[in-house]
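Novice: Residues in the sequence shown are numbered consecutively from 1, following UniProt numbering.
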Amino acid sequence: MIDLSTQLRAIADAPAGPDTAAFFDLDGTLINGFSAKAVFLERLKTLDVTVHELWEISSAVVEMRMKSSPVDNLMGKAVKGLEGRREEDLMEQAYALFRNEIAPMIYPEARILVEAHRHAGHRLVMATSATPYQAIPVQEDLMFDALLCTTPVVVDGVLTGELVGSSLWGPRKAQAVADYAEQEGLDLTGCFGYSNGGEDVPLLEEVGIPVALNPDDELTRHAARVGWPALRLENPKRGIDLTSVVRSTAALGSVLASAGVGLGLGLLTRSRRTGANITSSVAPDIALALAGIKLDVTGTENAWSARPAVFMFNHQSTADSVIVTSILRKDITAVAKRELERDPRFALLGKIFDVAYIDRGDPAQAREAMKPAIDKLHSGVSVAIAPEGTRMPTSRLGRFKKGGFHLAMQAQVPIVPIVIHNAGDVMWKKDFTAHSGTVKVTVGEPISTEGWVPEKIDNYIDDVRSFFDRTLGYA
1 MIDLSTQLRA
11 IADAPAGPDT
21 AAFFDLDGTL
31 INGFSAKAVF
41 LERLKTLDVT
51 VHELWEISSA
61 VVEMRMKSSP
71 VDNLMGKAVK
81 GLEGRREEDL
91 MEQAYALFRN
101 EIAPMIYPEA
111 RILVEAHRHA
121 GHRLVMATSA
131 TPYQAIPVQE
141 DLMFDALLCT
151 TPVVVDGVLT
161 GELVGSSLWG
171 PRKAQAVADY
181 AEQEGLDLTG
191 CFGYSNGGED
201 VPLLEEVGIP
211 VALNPDDELT
221 RHAARVGWPA
231 LRLENPKRGI
241 DLTSVVRSTA
251 ALGSVLASAG
261 VGLGLGLLTR
271 SRRTGANITS
281 SVAPDIALAL
291 AGIKLDVTGT
301 ENAWSARPAV
311 FMFNHQSTAD
321 SVIVTSILRK
331 DITAVAKREL
341 ERDPRFALLG
351 KIFDVAYIDR
361 GDPAQAREAM
371 KPAIDKLHSG
381 VSVAIAPEGT
391 RMPTSRLGRF
401 KKGGFHLAMQ
411 AQVPIVPIVI
421 HNAGDVMWKK
431 DFTAHSGTVK
441 VTVGEPISTE
451 GWVPEKIDNY
461 IDDVRSFFDR
471 TLGYA
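#1: Here's the rule I'm using: 16 or more other beta-carbon atoms within 10 Å means buried, otherwise exposed. How should S5 be labelled?
#2: Identify whether T6 lies in helix, strand or coil by the three-state DSSP scheme.
#3: By DSSP, does D187 sit in helix, in strand, or in coil?
#4: Please name the residue in K80, T46, N422, S448 whose C-alpha comes closest to that of F311.
#5: If contact is defined by three or more beta carbon pairs under 8 Å, each pair taking one atom from either stretch, is the segment 137-156 in contact with the segment 206-224?
#6: Cutting at 7 Å between CB atoms, please list the residues of its own chain near R232, excluding the five before and the five after it.
#7: Confirm, please, whether the CB-CB distance from V443 to T318 is below 8 Å.
#8: From S129 to P171, what does the alpha carbon distance come to, in whole angstroms?
#9: Cα-Cα, which of Q7, Y474, I293 is closest to I323?
#10: Give the C-beta separation of A384 and A356 to the nearest angstrom, bearing in mind that I take them to be a contact with Cβ-Cβ under 8 Å.
#11: Counting Cβ pairs, one atom from each stretch, are 3 or more of them under 8 Å apart for the segment 76-84 and the segment 103-119?
#12: With a CB to CB cut of under 7 Å and the five nearest residues on each side skipped, what residues in its chain are close to N32?
#13: I need the straight-line Cα distance from D216 to H315, nearest angstrom please.
#14: Buried or exposed: D25, going by 16 or more other Cβ atoms within 10 Å of its Cβ?
#15: Is DSSP giving Y460 helix, strand or coil here?
#16: Under the rule that 16 or more other beta-carbon atoms within 10 Å means buried, what is Q183, buried or exposed?
#17: Could you check what DSSP says for S195 in three-state terms: helix, strand or coil?
#18: Check the DSSP bridge columns for M126 and list the partner residues they point to.
#19: Whether or not the segment 283-298 and the segment 388-395 are in contact is what I'm after, with contact meaning three or more pairs of Cβ atoms, one per stretch, closer than 8 Å; do they touch?
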């Protein structure tokens with residue numbers, strides 16, 4: 001087995017530019033698990049599977065496992081079950097499933113590999129036996145240049161229940177890669193290939209730089225026999241285990257205890273700011289330590305060079321607020337969604353920091369709620385805000401809302417971007433427990449709002465969002 005750093009060096013040493021391609025399988029290679037299973041379980045939960053279809057697919061799975069029958073039988077029956085469905089509806093369901101189930105299955109270290117190839121200017125191609133409704137959301141999130149996949153026949157936007165050709169399994173996937181290379185004028189001897197399954201030996205034989213990534217037993221044996229490098233990625237940290245429960249409970253308890261102390265001292269000194277500053281300077285560091293989360297912060301000086309300011313951070317995780325508070329330390333408040341006012345994990349902190357709560361469905365109320373935040377800025381207290389307005393399933397940015405930009409412009413204070421690279425790796429957006437790990441954070445230089453006018457607000461948003469994209473490696 002090689003380690004990740006060895007493979008990253010191999011990527012860096014390869015010729016740069018789009019004439020070098022990296023072909024990645026999806027299931028088991030980029031994601032920890034099988035997208036088809038997630039799709040089928042979701043259909044079962046929503047009672048979207050007939051008894052006949054359930055029997056057909058179950059029998060096909062048994063045949064494939066017990067009799068080593070071709071995967072074509074299973075794929076054919078699965079696609080037959082989609083006959084008459086509108087492709088538009090299937091894609092809508094695909095994006096919802098990605099946000100709720102598939103996104104946290106992506107290996108964090110697979111993102112690092114993909115980013116290394118993208119940084120080198122390599123062409124990124126996903127080659128999978130999955131359908132577009134499993135693969136496209138992942139392709140878009142990881143910014144692959146092309147997708148080779150099993151394709152259903154679609155007529156007038158409706159699936160016929162048939163396939164275009166056959167499923168891209170085994171030798172047919174290898175042939176699809178060879179055809180793509182010929183079409184694009186690529187020399188496969190200088191290209192990378194990544195897969196986890198023994199069925200993809202033909203694909204890995206097509207390229208000059210094969211890598212057995214998270215290999216199964218069959219591929220592990222073959223890679224050892226022919227001398228291919230093998231790399232096993234660390235699993236995504238998701239779900240509940242005893243360690244994460246104990247750590248997270250201790251971290252939450254420390255935050256609430258620190259908040260109680262801060263509230264008490266604030267009452268004694270008759271100064272809410274004193275109580276808030278005591279809480280913000282102590283609670284986040286203790287909570288992060290108890291949760292086993294370390295911060296790797298670049299640009300810390302930018303968090304102090306132009307206060308008061310509107311600090312904008314991208315939002316992936318419940319841990320974000322603790323991370324941001326740990327960096328900013330004192331003289332801060334926040335703008336948050338109305339639902340958090342009733343969240344027992346946040347309510348006490350909201351009172352101490354005098355958070356401005358906004359109703360995302362009521363623009364007039366949101367504008368009114370911003371007025372106290374302007375007063376806070378004028379009094380020397382900075383405001384932290386997540387311009388996306390909600391937690392995203394991955395580090396890819398959502399649409400930035402205008403509220404924070406209007407706030408900075410009206411208060412005539414700078415915007416300071418705080419880019420959180422991977423908080424979702426230690427605590428995914430729907431998780432209630434945190435896992436140990438290191439979160440990388442970049443604090444950008446203050447962005448002056450002097451001379452800003454409302455008519456150009458969209459341009460300002462694009463400029464700030466572009467900084468986040470560049471820093472995250474997506475531009």
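Virtual Cβ for every residue (Gly too), placed ideally from N, Cα, C. Since the structure is predicted, the reported quantities are computational estimates derived from the model, not experimental observations.
Specialist: Straight from the coordinates:
#1: Sequence index remark: in the sequence shown, residue 5 carries index 5 (1-based). The residue is exposed, with fewer than 16 neighbouring Cβ atoms inside 10 Å.
#2: Position 6 of the sequence shown, counted from the start, is the residue given in the question as residue 6. T6 falls in the helix class under three-state DSSP.
#3: Translated into positions along the sequence shown, residue 187 becomes position 187. DSSP places D187 in the coil class of the three-state scheme, outside both helix and strand.
#4: Counted from its first residue, the sequence shown places residue 311 at position 311. Answer by Cα proximity: S448.
#5: no
#6: Translated into positions along the sequence shown, residue 232 becomes position 232. Only M1, N214 meet the Cβ criterion.
#7: Position 318 of the sequence shown, counted from the start, is the residue given in the question as residue 318. Position 443 of the sequence shown, counted from the start, is the residue given in the question as residue 443. If you check the CB distance, T318 and V443 do not come in under 8 Å.
#8: Along the sequence shown, one-based indexing puts residue 129 at 129. Along the sequence shown, one-based indexing puts residue 171 at 171. When rounded, the separation of the alpha-carbon atoms in S129 and P171 is 11 Å.
#9: Indexing the sequence shown from 1 puts residue 323 at position 323. The shortest Cα separation from I323 among Q7, Y474, I293 belongs to I293.
#10: In the sequence shown, the residue the question calls residue 384 occupies position 384. In the sequence shown, the residue the question calls residue 356 occupies position 356. Taking a contact as a CB-CB distance under 8 Å, the pair A384 and A356 does not count as one, their CB atoms being some 11 Å apart.
#11: no
#12: Walking along the sequence shown from the start, residue 32 turns up at place 32. Once the five neighbours on either side are set aside, the close Cβ partners of N32 are M105, Y107, N235, P236.
#13: Residue numbering aside, residue 216 sits at position 216 when the sequence shown is read from its first letter. Residue numbering aside, residue 315 sits at position 315 when the sequence shown is read from its first letter. Rounded to whole angstroms, D216 to H315 spans 35 Å at the Cα level.
#14: Counting from one through the sequence shown, the residue named residue 25 turns up at place 25. By the beta-carbon neighbour count (other beta carbons within 10 angstroms, threshold 16), D25 is buried.
#15: Translated into positions along the sequence shown, residue 460 becomes position 460. Correct three-state label for Y460: helix.
#16: Looking up residue 183 in the sequence shown gives position 183. Its Cβ having fewer than 16 others within 10 Å, Q183 is exposed.
#17: To locate residue 195, count along the sequence shown from 1; it is residue 195. Note: S195 maps to strand in three-state DSSP.
#18: Numbered from its first residue, the sequence shown carries residue 126 at position 126. Beta-bridge pairing by DSSP links M126 to F24, L147.
#19: Judged by Cβ distances under 8 Å, the segment 388-395 makes no contact with the segment 283-298, as fewer than three pairs qualify.
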